[in-house]
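S.K.: Just passing along the structure, written as structure tokens.
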Amino acid sequence: MNTVIMQTLYMYAVAMVISFFVAFMIKIIFVSIRIFKKN
Amino acid sequence: MGIQNILNLFQGIATLAASDPKILIARVGLILLGMLLVYLGKKEVLEPLLMIPMGLGMSAINAGVLFFSDGRQGNLFVDPLITDPKTLMDVLQIDFLQPIYTLTFSNGLIACFVFMGIGVLLDVGFLLARPFLSMFLAMCAELGTFATIPIAKALGLSLNDAASIAMVGGADGPMVLFTSLSLSKELFVPITVVAYLYLGLTYGGYPYLIKLMVPKKLRGIKMPPKKPSRTVTSGEKMAFAAVVNTVLCLLFPVAAPLFVSLFLGVAVRESGLKHFIDFIGGPLLYGSTFFLGFLLGVLCEAHLILNPKVLILLVLGILALLLSGIGGIIGGYIMYFITRGKFNPVIGIAGVSCVPTTAKVAQKSVNEVNPEALILPEAIGANICGVITTAIIAGIYITLIPVFLK
Numbered sequence: 341m342n343t344v345i346m347q348t349l350y351m352y353a354v355a356m357v358i359s360f361f362v363a364f365m366i367k368i369i370f371v372s373i374r375i376f377k378k379n
Numbered sequence: 003m004g005i006q007n008i009l010n011l012f013q014g015i016a017t018l019a020a021s022d023p024k025i026l027i028a029r030v031g032l033i034l035l036g037m038l039l040v041y042l043g044k045k046e047v048l049e050p051l052l053m054i055p056m057g058l059g060m061s062a063i064n065a066g067v068l069f070f071s072d073g074r075q076g077n078l079f080v081d082p083l084i085t086d087p088k089t090l091m092d093v094l095q096i097d098f099l100q101p102i103y104t105l106t107f108s109n110g111l112i113a114c115f116v117f118m119g120i121g122v123l124l125d126v127g128f129l130l131a132r133p134f135l136s137m138f139l140a141m142c143a144e145l146g147t148f149a150t151i152p153i154a155k156a157l158g159l160s161l162n163d164a165a166s167i168a169m170v171g172g173a174d175g176p177m178v179l180f181t182s183l184s185l186s187k188e189l190f191v192p193i194t195v196v197a198y199l200y201l202g203l204t205y206g207g208y209p210y211l212i213k214l215m216v217p218k219k220l221r222g223i224k225m226p227p228k229k230p231s232r233t234v235t236s237g238e239k240m241a242f243a244a245v246v247n248t249v250l251c252l253l254f255p256v257a258a259p260l261f262v263s264l265f266l267g268v269a270v271r272e273s274g275l276k277h278f279i280d281f282i283g284g285p286l287l288y289g290s291t292f293f294l295g296f297l298l299g300v301l302c303e304a305h306l307i308l309n310p311k312v313l314i315l316l317v318l319g320i321l322a323l324l325l326s327g328i329g330g331i332i333g334g335y336i337m338y339f340i341t342r343g344k345f346n347p348v349i350g351i352a353g354v355s356c357v358p359t360t361a362k363v364a365q366k367s368v369n370e371v372n373p374e375a376l377i378l379p380e381a382i383g384a385n386i387c388g389v390i391t392t393a394i395i396a397g398i399y400i401t402l403i404p405v406f407l408k
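See the structure below:
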């Protein structure tokens, strides 16, 4: 049972990291487009 | 003419009479349940787009059982268990729904079509305006998608089945279908039917959860007026769709069909291609939803309901949705404390990705207390993020669970 809980927590952590990575990418896209437009 | 001869004329009744008592009761029960679903769909208690074809299919499959020439009982609808290619070729020419099942259902194509339609309906501008807040709320509202796994395992399900039923917490029908088709082929029908039955209940059930967890005073909190922010252009939305789709496909190739379907829908919407938008958001989405509902109903045979795991799935499905709703509101409370009381915690429940139902439920619950409070922009952002996080979680489950089981 402990293994299942650890596996679940591991998957939650991976999902969390990827979701915030996506949010971070959105910010990068915005900044890149702004820089691209200025130049 | 004896009674046996008369029964042979009406084989639906003859097969009922010849059935084991358990099967007889299950068949009659499912015929009645099908009729009830049609009624509840008509009354709009449950989603009519799905429940009317599903209910009719359920009644028809359990009524229309006949004897084949070799004495076996069967139907002329579909045989989902065929694996032998030669038998499949024969059945494709006999069972009228077999081509649709084999070519669109068992490979997840129908779920991808629905996902494309959802993509066309999504305005990602709400998410792009506040990405971190939306992602945070969406991840909190995935509590049920994760917490249900150990509970399901404790109740005796395998890790594959546990992850598939836990996906109900993501409140996204096509995603549950796709995940259960990949991980739990034997139970995908009951899991998907349970998911669609319960998703219809979010509209009726979540307002009570909100009332239970959020006091009236906090429900009426007005969101502070936004700083004049620049609007998100369609070019930025297209760039988002292209980049995020590529990255997610790179990370989870097994769930790439889901990602590309969703972001293709988003890209088509933002490109302004009117004919494509009309086609994907109209005939493709509604045609797929119709056949999805009808086929799910047809797959609900009596033998299925007698599987002892179905009862466990019914309990776990509602638990997953409940935990996700609670998780979302907890996320709302965390934001409330971080912003020192300037955030309405009800927005959190919109992270449950039942687009746009949960966002509407959140706004409606807030308006009951304070008609001037507008939370819809934040709620829709979290809602759309919920769809993306659920797709990410589906990718994680389909990729990691087989690795855990090695």
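Line by line, the protein sequences are chains A and B.
Sequential numbering from 341 applies to the first sequence in my numbering.
Sequential numbering from 3 applies to the second sequence in my numbering.
Glycine is no exception: its CB is placed at the ideal position from the N, C-alpha and C atoms.
Since the structure is predicted, the reported quantities are computational estimates derived from the model, not experimental observations.
(1) Considering only residues of the same chain and omitting the five flanking positions on each side of G43 of chain B, which have a CB-CB separation below 6 Å?
(2) State the DSSP-derived secondary structure class of F69 of chain B, mapped to helix, strand or coil.
(3) Go ahead and label M346 of chain A buried or exposed: buried means 16 or more other beta carbons lie within 10 angstroms of its beta carbon, across all protein chains shown.
(4) Which residue marks the beginning of the alpha helix (DSSP H) containing I349 of chain B, and which one marks its end?
(5) Can you have a look at E46 of chain B and say buried or exposed, based on whether 16 or more other CB atoms are within 10 angstroms of its CB?
(6) Taking the beta carbon of Y200 of chain B as the centre, do at least 16 other beta carbons fall within 10 Å, making it buried, or is it exposed?
(7) Evaluate contact between the segment 150 to 163 of chain B and the segment 359 to 371 of chain B, counting only Cβ atoms and requiring at least three cross-stretch pairs below 8 Å.
(8) Whose Cβ in chain E lies nearer than 9 Å to the Cβ of M141 of chain B?
(9) Can the beta-carbon of V348 of chain B be found closer than 8 Å to that of I377 of chain B?
(10) I'd like the span of the alpha helix (DSSP H) that includes V317 of chain B, first residue to last.
(11) Going by other Cβ atoms of all chains shown within 10 Å of its Cβ, with 16 needed for buried, is K88 of chain B buried or exposed?
(12) Under a CB-based cut-off of 8 Å, is T17 of chain B close to chain A?
(13) Determine contact between the segment 15 to 26 of chain B and the segment 67 to 83 of chain B, defined as no fewer than three beta-carbon pairs at a distance below 8 Å.
(14) Using three-state DSSP, classify Q75 of chain B as helix, strand or coil.
(15) Quick check: is the beta carbon of K367 of chain A nearer than 8 Å to any beta carbon in chain B?
(16) Rounded to whole angstroms, what is the Cα-Cα separation between G202 of chain B and P82 of chain B?
(17) Using a Cβ-Cβ cut-off of less than 7 Å, list which residues of the segment 31 to 55 of chain B approach chain A; keep chain order.
(18) Check whether the Cβ atoms of T147 of chain B and M169 of chain B lie closer than 8 Å to each other.
(19) With DSSP as the reference, label L145 of chain B as helix, strand or coil.
(20) Against I345 of chain A, what residues of chain B qualify as contacts under a CB-to-CB distance less than 7 Å, listed in chain order?
(21) Kindly list the residues whose CB is nearer than 6 Å to the CB of L90 of chain B, restricted to its own chain and excluding five residues on each side of it in sequence; keep chain order.
(22) Within 8 Å of any Cβ in chain A, is that where the Cβ of F134 of chain B sits?
(23) Output, in chain order, the set of chain A residues within a Cβ distance shorter than 7 Å of A156 of chain B.
(24) Span of the alpha helix (DSSP H) holding Q347 of chain A?
(25) Beta-carbon separation of V80 of chain B and V300 of chain B under 8 Å?
M.R.: Reading from the atomic positions:
(1) P50, M53, I54
(2) In the three-state reduction of the DSSP assignment, F69 of chain B falls in the strand class, which pools E and B.
(3) Classification for M346 of chain A: exposed.
(4) It is not in any alpha helix (DSSP H) - I349 of chain B carries neither H nor E in the DSSP assignment.
(5) Burial check for E46 of chain B: the Cβ neighbour count within 10 Å stays below 16, so the residue is exposed.
(6) buried
(7) no
(8) Absent from the structure: chain E. Protein chains present are A and B.
(9) yes
(10) 311 to 340
(11) exposed
(12) no
(13) Short answer: they touch.
(14) strand
(15) yes
(16) 26 Å
(17) none
(18) Contact: yes.
(19) helix
(20) P152
(21) I84
(22) yes
(23) M341
(24) 342 to 378
(25) In contact: V80 of chain B and V300 of chain B (Cβ atoms closer than 8 Å).
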